[in-house]
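2 protein chains.
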Amino acid sequence: MKDQIERALAEIWFGPDGLVPAIAQQHDTGEILMLAWMNRDAVRATLTEGRACYWSRSRGRLWRKGETSGQVQQLRELRLDCDADTVLLLVDQSGVACHTGRRSCLFRAWREGGWQIISEPEIAPDLLYPQARD
Amino acid sequence: MKDQIERALAEIWFGPDGLVPAIAQQHDTGEILMLAWMNRDAVRATLTEGRACYWSRSRGRLWRKGETSGQVQQLRELRLDCDADTVLLLVDQSGVACHTGRRSCLFRAWREGGWQIISEPEIAPDLLYPQARD
Chain A
45 MKDQIERALA EIWFGPDGLV PAIAQQHDTG EILMLAWMNR DAVRATLTEG RACYWSRSRG
105 RLWRKGETSG QVQQLRELRL DCDADTVLLL VDQSGVACHT GRRSCLFRAW REGGWQIISE
165 PEIAPDLLYP QARD
Chain B
45 MKDQIERALA EIWFGPDGLV PAIAQQHDTG EILMLAWMNR DAVRATLTEG RACYWSRSRG
105 RLWRKGETSG QVQQLRELRL DCDADTVLLL VDQSGVACHT GRRSCLFRAW REGGWQIISE
165 PEIAPDLLYP QARD
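Put into structure tokens, the structure is as follows:
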């Protein structure tokens, strides 16, 4: 499996910063949950562990989605685009994807001349990140 | 409308290169068609014209999707994520999104230890880009 994963990695074009954009989509409903970034180690971890692992640009480290919040994304399938510079993760999202407590991060829609919020939090952020209360 | 569009732009965080990643999704089926990039002018053009316009990184210019191939993406809705650094275009794709003639650019799936092609071209690329024959 290790060799297979290295072959998977060899086909992906990581940009000058070593990152590839990764779209996460709920596998059965088609809902787009978020866009994040992956480096080689993140793709390795995702394929090895069967759950989404990204590279956090703000924290400068690997980020196993749900490691703090418990809102894990189980990997159903990894896809690659024609230019090999975008990946798509079909996932099964536990709970919510967004740090605001919303199911999807893409919760603002341009309607009638303004950005309108089109979904509400399903869980309070301070329940997702209790340590942030300190 | 011009002022409204400038207000829309003011909320979007364009990266150091002036670009934001843009996911294109077929509005009714949920299929992810492609990921491309937009600068301010591309977002302006998209909202003004009601069809997807991207910034082509390879060509270094605005790229009205379908300008050569005729495979236009009519904009149904523009969405923005929680961090304002990703946009989602819900579109109605005419024909195919991919330059290979496939409906979606994300046509490779990691299955059984290899990248497998999971969809076939619906139209021959040289019919999409006849001038490329010259």
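These protein sequence lines are chains A and B, in that order. First residue of the first sequence? That's 45 in the working numbering, and the numbers climb one at a time after it. First residue of the second sequence? That's 45 in the working numbering, and the numbers climb one at a time after it. All C-beta atoms in this analysis are idealised placements derived from N, C-alpha and C, irrespective of residue type, glycine included.
Cβ separation of residue i and residue j, assumed to be a contact under 8 Å, to the nearest whole Å
| i | j | result |
| --- | --- | --- |
| residue 121/A | residue 153/B | 6 Å |
| residue 78/B | residue 99/B | Contact doesn't hold; Cβ gap of about 14 Å is too wide. |
| residue 165/B | residue 145/B | 3 Å |
| residue 115/A | residue 138/A | 5 Å |
| residue 142/B | residue 143/A | Actually they are not in contact, since the Cβ atoms of residue 142/B and residue 143/A sit about 32 Å apart, beyond 8 Å. |
| residue 67/A | residue 76/B | 6 Å |
Buried or exposed by the 16-neighbour rule on C-beta atoms within 10 Å, applied to residue i
| i | result |
| --- | --- |
| residue 59/A | exposed |
| residue 168/B | exposed |
| residue 119/B | buried |
| residue 61/A | exposed |
| residue 172/A | buried |
| residue 155/B | exposed |
Euclidean distance between Cα positions of residue i and residue j
| i | j | result |
| --- | --- | --- |
| residue 53/A | residue 88/A | 8 Å |
| residue 105/B | residue 150/B | 23 Å |
| residue 135/B | residue 93/B | 13 Å |
| residue 84/A | residue 72/B | 34 Å |
| residue 157/A | residue 64/B | 20 Å |
| residue 80/B | residue 48/A | 28 Å |
| residue 111/B | residue 111/A | 44 Å |
| residue 108/A | residue 117/A | 9 Å |
| residue 70/B | residue 50/B | 26 Å |
| residue 180/B | residue 113/A | Only positions 45 to 178 of chain B appear in this structure, which leaves residue 180/B out of reach. |
| residue 86/B | residue 86/A | 31 Å |
| residue 91/A | residue 130/A | 16 Å |
| residue 74/A | residue 74/B | 5 Å |
Residue interval of the alpha helix (DSSP H) (run including residue i)
| i | result |
| --- | --- |
| residue 64/B | It is not in any alpha helix (DSSP H) - residue 64/B instead sits in the beta strand (DSSP E) that spans 64-70. |
| residue 49/B | 46-55 |
Where the beta strand (DSSP E) containing residue i begins and where it ends
| i | result |
| --- | --- |
| residue 136/A | 131-137 |
| residue 121/B | 117-124 |
| residue 80/A | 76-82 |
| residue 171/A | Here residue 171/A belongs to no beta strand (DSSP E); instead the alpha helix (DSSP H) covers 169-172. |
| residue 158/A | 158-161 |
| residue 100/B | 97-100 |
| residue 141/A | From DSSP, residue 141/A is part of no beta strand (DSSP E); its letter is neither H nor E. |
| residue 153/B | 152-155 |
| residue 108/B | 105-108 |
Cutoff 7 Å; reference residue i; Cβ partners in own chain excluding five residues on either side
| i | result |
| --- | --- |
| residue 128/B | 55, 56, 57 |
| residue 140/B | 115, 146, 147, 166, 167 |
| residue 132/A | 67, 69, 123 |
Spatial neighbours of residue i in its chain, beta-carbon cut-off 6 Å, leaving aside the 5 residues before and after
| i | result |
| --- | --- |
| residue 160/B | 153 |
| residue 46/A | none |
Close Cβ partners of residue i (< 8 Å) along its chain, the five nearest in sequence each way excluded
| i | result |
| --- | --- |
| residue 103/B | none |
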